[in-house]
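J.: Before we start, here is the structure in question, set down as structure tokens.
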Amino acid sequence: MIAISLSVFLLASSMESGEEPALKEVFSEYFHMGAALGPSVLRQEVPEATLVVEKHFSSITPENDMKWERIHPQPGKYNFSLPDYLVNLGEKKQMFVVGHTLVWHNQTPAWVFHDEQGNLVSRDTLLARMREHIFTVMTRYQGKVHGYDVVNEAITDQGGLRESLWYKIIGDDYIEHAFRFAHEADPEAELYYNDFSLASPSKREGCIQLVKSLQSKGIHIDGVGMQGHYDMSYPDLKELEKSIVAYSELGVKVMITELDISVLPWPELAPGAEVTSRFKYRPELDPYKEDFPNSAQEELAGRYADMFRVFVKHADKISRITFWGVNDGTSWKNNFPVRGRTDFPLLFDRNYLCKPAFHAVIATAINQAPPLPD
5 MIAISLSVFL
15 LASSMESGEE
25 PALKEVFSEY
35 FHMGAALGPS
45 VLRQEVPEAT
55 LVVEKHFSSI
65 TPENDMKWER
75 IHPQPGKYNF
85 SLPDYLVNLG
95 EKKQMFVVGH
105 TLVWHNQTPA
115 WVFHDEQGNL
125 VSRDTLLARM
135 REHIFTVMTR
145 YQGKVHGYDV
155 VNEAITDQGG
165 LRESLWYKII
175 GDDYIEHAFR
185 FAHEADPEAE
195 LYYNDFSLAS
205 PSKREGCIQL
215 VKSLQSKGIH
225 IDGVGMQGHY
235 DMSYPDLKEL
245 EKSIVAYSEL
255 GVKVMITELD
265 ISVLPWPELA
275 PGAEVTSRFK
285 YRPELDPYKE
295 DFPNSAQEEL
305 AGRYADMFRV
315 FVKHADKISR
325 ITFWGVNDGT
335 SWKNNFPVRG
345 RTDFPLLFDR
355 NYLCKPAFHA
365 VIATAINQAP
375 PLPD
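Take 5 as the starting number for the sequence shown in the numbering used here and just add one per residue.
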């Protein structure tokens, strides 16, 4: 068991030196450990963030700056500044760089779908715009961005296709075209389908059918990204494990792509990551505004440990774990789905110091994870 002995060695060495072990080294025999980076981190404006990223992560993803509204805000106008920072950092530190995202119904400018009079464009026009965008981005970073979330969040919670403007204008084959264009633009890049709630049975079945449909038509797809926007009760660990196994059995890689574990209560029963979900602020929904007690720290650490036991158990199926952000202070969960709350969903606190959850995650690499209880 090379990974276990290496993890033990790294942990023992770090304890002797008084430094915390590097996530990317402890998990190097399992999967890439990654983080999504925002503008201040990409520009290296926060030295503490730069140190954490370079020490702990072997993969990086732009949190927002390769989404269409940022990188291609107007016809014929591209903003490559921040993606260039990402790629340069990846090359400098030999990281696995992921592009996020090429085709999504959110954070896409209105001009993409409309003509100058405000009418919806034709199928052919939208396909041409999709192709031009994909080719422009991917050819610029060919050989430098190693994988892409080609299509993001196209499946409903019930397992059908979301009736986005991509779907309404092009038809249900828009996903096929996106993957074909991406493979033509950079045949060496890995191509992924990425979505939230993919541990839920109905959505899992929809994703399985989508991947099978692409494969049956000879369309290149390398992996499924399971967005890990989780909380203290969702997902059920058995369903999470079932999903990892089910996607792997399709012959594709599995990734946990946007991992954070919220400690805050949800305003409604069903958690998820639908970005249009917004709820009014209420004090009872923000219980840790003044203090995050040790008891809550321990609960979060236990939840992370439970998750990573599943991930380590299925490390032969998982190629990457990417945390959605670097530290608690910059996490989007402070504003979703209730703006202005104080959340603690990541492994590093607001001062970029390791939390108990960090040490709980590290500990899972030392021993093989036991089977989930019946």
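Cβ coordinates follow ideal geometry from the N, Cα and C atoms, glycine included.
Determine the DSSP secondary structure at V342, reduced to helix, strand or coil.
T.: Position 338 of the sequence shown, counted from the start, is the residue given in the question as residue 342. Three-state DSSP puts V342 in a strand.
J.: Might you give, ordered along the chain, the residues of its own chain that have their beta carbon closer than 7 Å to the beta carbon of F296, omitting 5 neighbours on each side?
T.: As a working note, residue 296 is residue 292 in the sequence shown. Result list for F296: F348, in chain order.
J.: Does the stretch 333-348 touch the stretch 247-255, meaning 3 or more C-beta pairs lie closer than 8 Å?
T.: Touching, no.
J.: Given 8 Å as the limit, is there contact between the stretch 72-83 and the stretch 354-369, that is, 3 or more CB pairs closer than that?
T.: Contact fails: fewer than three Cβ-Cβ distances are below 8 Å.
J.: Please classify Y196 as buried or exposed, where buried requires at least 16 other C-beta atoms within 10 Å of its C-beta.
T.: Start at 1 with the first residue of the sequence shown, and residue 196 comes out as number 192. The residue in question, Y196, is buried, as its Cβ has 16 or more Cβ neighbours within 10 Å.
J.: Rounding to the nearest angstrom, what Cα-Cα distance links M37 and Q162 in this structure?
T.: Walking along the sequence shown from the start, residue 37 turns up at place 33. Walking along the sequence shown from the start, residue 162 turns up at place 158. Rounded to the nearest angstrom, the two C-alpha atoms are 31 Å apart.
J.: Between E157 and F100, is the Cβ-Cβ spacing less than 8 Å?
T.: To locate residue 157, count along the sequence shown from 1; it is residue 153. To locate residue 100, count along the sequence shown from 1; it is residue 96. Going by C-beta atoms, E157 is not nearer than 8 Å to F100.
J.: I believe L106 touches V141 by the beta-carbon criterion, under 8 Å. Please report the beta-carbon distance rounded to the nearest angstrom.
T.: The residue given as residue 106 occupies position 102 in the sequence shown. The residue given as residue 141 occupies position 137 in the sequence shown. The Cβ separation is near 7 Å, so the contact holds.
J.: I need the DSSP call for N298, collapsed to helix, strand or coil.
T.: Translated into the one-based positions of the sequence shown, residue 298 becomes position 294. Reduced to three states, the DSSP call for N298 is helix.
J.: Am I right that V330 and F352 are in contact with their C-beta atoms under 8 Å? What's the rounded C-beta distance?
T.: Counting from 1 along the sequence shown, the entry for residue 330 is found at position 326. Counting from 1 along the sequence shown, the entry for residue 352 is found at position 348. That pair is a contact at about 6 Å.
J.: For L202, which of helix, strand or coil comes out of DSSP?
T.: Locating residue 202 in the sequence shown gives position 198, where the first residue counts as 1. Coil at L202, not helix or strand.
J.: Run through the DSSP bridge pairs and tell me what K81 is partnered with.
T.: Position 77 of the sequence shown, counting from 1, holds the residue named residue 81. Q78.
J.: What would DSSP say about V267, mapped onto helix, strand or coil?
T.: Locating residue 267 in the sequence shown gives position 263, counting from the first residue. Looking at V267 - three-state DSSP - the assignment turns out to be coil, as it is neither helix nor strand.
J.: Is it buried or exposed, S63, if we count other Cβ atoms within 10 angstroms and call 16 or more buried?
T.: Looking up residue 63 in the sequence shown gives position 59. So S63 ends up on the buried side.
J.: Is it buried or exposed, D240, if we count other Cβ atoms within 10 angstroms and call 16 or more buried?
T.: Indexing the sequence shown from 1 puts residue 240 at position 236. Burial call: exposed.
J.: Jot down the residue ranges of each uninterrupted beta strand (DSSP E) in the stretch 207-242, minimum 3 residues, whole runs only, in chain order.
T.: Runs of the beta strand (DSSP E) inside the stretch 207-242: 227-231, 233-235.
J.: Is the stretch 170-177 close to the stretch 124-131, with three or more CB pairs under 8 Å?
T.: Yes: the two stretches touch, three or more of their Cβ pairs being nearer than 8 Å.
J.: Would you grab the beta carbon distance between F139 and A193 for me? Rounded to a whole angstrom, and I think it's under 8 Å.
T.: Your numbering for residue 139 matches position 135 in the sequence shown. Your numbering for residue 193 matches position 189 in the sequence shown. Incorrect: roughly 12 Å between the Cβ atoms, too far for contact.
J.: Looking at the unbroken beta strand (DSSP E) that takes in P66, where does it start and where does it end?
T.: If you number the sequence shown from 1, residue 66 lands on position 62. Start and end: 63-66.
J.: What does the alpha-carbon distance come out to for the pair S126 and W72?
T.: For the purposes of this step, residue 126 is taken as residue 122 along the sequence shown, with counting starting at 1. For the purposes of this step, residue 72 is taken as residue 68 along the sequence shown, with counting starting at 1. Each residue's Cα considered, the two are about 19 Å apart.
J.: Taking DSSP as the reference, what is the three-state secondary structure of T368?
T.: Taking the first residue of the sequence shown as 1, we reach residue 368 at position 364. Residue state, collapsed to three classes: helix.
J.: With the cut-off set at 8 Å, would you say A300 and Y308 are in Cβ contact?
T.: If you number the sequence shown from 1, residue 300 lands on position 296. If you number the sequence shown from 1, residue 308 lands on position 304. Cβ atoms of A300 and Y308: not closer than 8 Å.
J.: What does H36 pair with, by DSSP beta-bridge criteria?
T.: Here residue 36 corresponds to residue number 32 of the sequence shown, with the count starting at 1. Bridge partners of H36: R324.
J.: So the candidates are L93, N110, V45, H104; which of them puts its Cα closest to the Cα of E278?
T.: The residue given as residue 278 occupies position 274 in the sequence shown. Among L93, N110, V45, H104, the Cα nearest to that of E278 belongs to N110.
J.: May I ask you to report which of helix, strand or coil DSSP gives F31?
T.: Along the sequence shown, read from residue 1 onward, the residue named residue 31 stands at position 27. The answer is coil: DSSP assigns F31 none of H, G, I, E or B.
J.: Do you know how far the Cα of Y178 is from the Cα of E136?
T.: As a working mapping, residue 136 is identified with position 132 in the sequence shown. As a working mapping, residue 178 is identified with position 174 in the sequence shown. Cα to Cα, E136 sits roughly 14 Å from Y178.
J.: Could you give the DSSP three-state label for H181: helix, strand or coil?
T.: Here residue 181 refers to the residue found at position 177 of the sequence shown. Helix at H181.
J.: Please go through the same chain and pick out, in chain order, the residues whose beta-carbon is closer than 7 Å to the beta-carbon of D310, but skip the five residues on each side of it.
T.: Counting from one through the sequence shown, the residue named residue 310 turns up at place 306. So the list reads L241, once near-sequence residues are dropped.
J.: Within 10 angstroms of its Cβ, does P87 collect 16 or more other Cβ (buried), or is it exposed?
T.: For the purposes of this step, residue 87 is taken as the residue at position 83 of the sequence shown. Counting Cβ neighbours within 10 Å, P87 comes out buried, since at least 16 surround it.
J.: Report the three-state DSSP secondary structure of N331 (helix, strand or coil).
T.: The residue labelled residue 331 in the question sits at position 327 within the sequence shown. Coil at N331, not helix or strand.
J.: Could you tell me the distance, in whole angstroms, from the CA atom of G333 to the CA atom of R324?
T.: Here residue 333 corresponds to residue number 329 of the sequence shown, with the count starting at 1. Here residue 324 corresponds to residue number 320 of the sequence shown, with the count starting at 1. The alpha-carbon atoms of G333 and R324 are separated by roughly 23 Å.
J.: Can you say whether T65 is buried or exposed, counting buried as having 16 or more other CB atoms within 10 angstroms of its CB?
T.: The sequence position of residue 65 within the sequence shown is 61, counting from 1. Under this definition T65 is a buried residue.
J.: Quick one: what does DSSP say N92 is sitting in, helix, strand or coil?
T.: For the purposes of this step, residue 92 is taken as the residue at position 88 of the sequence shown. In this structure, N92 counts as helix in the three-state DSSP scheme.
J.: Does the separation of the CB atoms of F185 and I225 fall below 8 Å?
T.: The residue labelled residue 185 in the question sits at position 181 within the sequence shown. The residue labelled residue 225 in the question sits at position 221 within the sequence shown. For F185 and I225, no; Cβs fall outside 8 Å.
J.: For the candidate residues Y34, F283, V215, whose alpha-carbon lies nearest to that of G3?
T.: Nothing about residue 3 can be read from this structure; the chain reaches only from 5 to 378.
J.: Could you tell me which uninterrupted alpha helix (DSSP H) segments, each at least 4 residues in length, are contained entirely in the stretch 91-148, listed from first to last along the chain?
T.: Taking only runs of at least 4 residues, the alpha helix (DSSP H) segments lying wholly in the stretch 91-148 are 127-144.
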